[in-house]
Amino acid sequence: MIKAVKLVLFSLFAFLFLADVSVAQKTSEIYAKGELLVKYKNGTASTAARSVNSIVGASVLEEFPELGWQRVKLPENLSVNQAAAFYKESAEIEAAQPNFYYRLLAVPNDARYAELYGLAKISAPAAWDLTTGSPDVVVADIDTGASYNHQDLSANMWRNPNETENNGID
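Residue numbers for the sequence shown follow my numbering, beginning at 67 and rising by one.
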């Protein structure tokens, strides 16, 4: 009995240790390496940007002048955290942060979603993490069982605008 308890405890600690390592590895890439997002105070973007970027040795990758932000590439010898701290010391800088990765995590709000086992088989949830589609995309369903009046489909059914009835050509 004591051996069984020890085995269970050892297994539990081993699992927790391995889980912690995998989380640490995943969180180490939560932002773009060597990139920083910098927000300048109103009216100082171009002057302050050139000055601070020159001191740091950063180059501008992208500008968002309407918002007062820049995405900058840092020199390899400077960490993102060091650069953010340096930028924040400048009076012209409102904010400086790593260029974090953001992921869309989308699942339908359908009450019966859990019953739709086929969606997991075709990796639909992974696809929805990339995009949820567009009304401009037309999908063909070659199936005689489509319910044209279904609440999810009726407003989205495509009709051929050039259809000539009874000619046998769609």
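In this text, a Cβ means the ideal position worked out from N, Cα and C, and glycines have one as well.
Contacts around residue i, its chain only, beta-carbon distance under 7 Å, and the 5 residues preceding and following it disregarded
i	result
A172	W194, D195, T198
S220	Y214
Three-state secondary structure assigned by DSSP to residue i
i	result
V104	strand
A186	helix
Y179	helix
A161	strand
S125	strand
A206	coil
Those residues which DSSP pairs with residue i across a bridge
i	result
W135	K105, F130
A151	A151 is not bridged to any residue.
Y97	F166
Nearest-angstrom Cβ-Cβ length linking residue i and residue j, presumed shorter than 8 Å
i	j	result
Y106	A98	The Cβ separation is near 20 Å, so there is no contact.
V122	A149	6 Å
From the options, residue whose alpha carbon lies closest to that of residue i
i	options	result
L127	L102, D209, D218, E95	L102
S120	S200, P227, Y153	Y153
A157	N228, V104, A212	V104
K139	A162, P131, E155, V205	A162
Chain-order list of residues whose beta-carbon lies under 8 Å from that of residue i (same chain, five-residue window excluded)
i	result
G134	K105, Y106, K107, N108, A111, E160
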